[in-house]
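Take a look at the structure below.
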Amino acid sequence: MKKILSITCLILLSFTTISNASIVGNWRTESGETANISSCDDSYCIKLTTGTYQGKQIGKVKESKDKYIGTVTDPEEDKTYSGSATVTGSSLKLKGCALKIFCKTQTWTKM
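Our numbering puts the sequence shown at residues 411 to 521.
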């Protein structure tokens, strides 16, 4: 019984580690640019690494249960919105909202 519990705990810890780290890396945006998500302080910063707005930070999120919550910036309009992100496999679904009712969603693919 102890062995089964130990294996179960190990699997759960491994899953938690994988899901925590899965947002980190390079992502292909819907417009075809590359965004890099990396750890910064106690959050994750989202920065464009290609395209017109290369080098611009376009978001900062913190892990919260099964998703990430923070802010996202539309680099074209330079407006910042409350946002969230959810990682599922190699997809990252980003949602930005103004006044919590006007929302836009994008899905990025891990590179």
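Beta carbons: idealized from backbone N, C-alpha and C, even for Gly.
Per DSSP, which residues does residue i bridge with? Please list them.
{"i": "K505", "result": "S494 and T515"}
{"i": "K489", "result": "D484"}
{"i": "K477", "result": "S474"}
Among the options, which has the Cα closest to the Cα of residue i?
{"i": "T462", "options": "T515, E487 and S448", "result": "E487"}
{"i": "E440", "options": "Q467, V497, F512 and L504", "result": "L504"}
{"i": "Y534", "options": "A445, E473, K510 and K477", "result": "Look at the range of the chain in this structure, 411 to 521, and you will see that residue 534 is not part of it."}
{"i": "A508", "options": "D484, S501, K475 and S448", "result": "D484"}
{"i": "K475", "options": "R438, M521, S494 and G465", "result": "S494"}
{"i": "I479", "options": "T444, I456 and Q464", "result": "I456"}
{"i": "Q464", "options": "S432, G442, S449 and C450", "result": "G442"}
{"i": "L458", "options": "S501, T444 and S448", "result": "T444"}
Can the beta-carbon of residue i be found closer than 8 Å to that of residue j?
{"i": "V471", "j": "S453", "result": "yes"}
{"i": "T481", "j": "G499", "result": "no"}
{"i": "T496", "j": "K477", "result": "yes"}
{"i": "T519", "j": "R438", "result": "yes"}
Does DSSP classify residue i as helix, strand or coil?
{"i": "G499", "result": "coil"}
{"i": "T447", "result": "Note that residue 447 is Ile in the sequence shown here, rather than Thr. DSSP places I447 in strand when its eight states are reduced to three."}
{"i": "K457", "result": "strand"}
{"i": "K520", "result": "strand"}
{"i": "I468", "result": "strand"}
{"i": "G435", "result": "strand"}
Quick one: using the 10 Å Cβ neighbour count with 16 as the cut-off for buried, is residue i buried or exposed?
{"i": "I428", "result": "Confidence at I428 is low in this model, with a pLDDT of 40, below 50, so its placement is unreliable and no value can be given for it."}
{"i": "G506", "result": "buried"}
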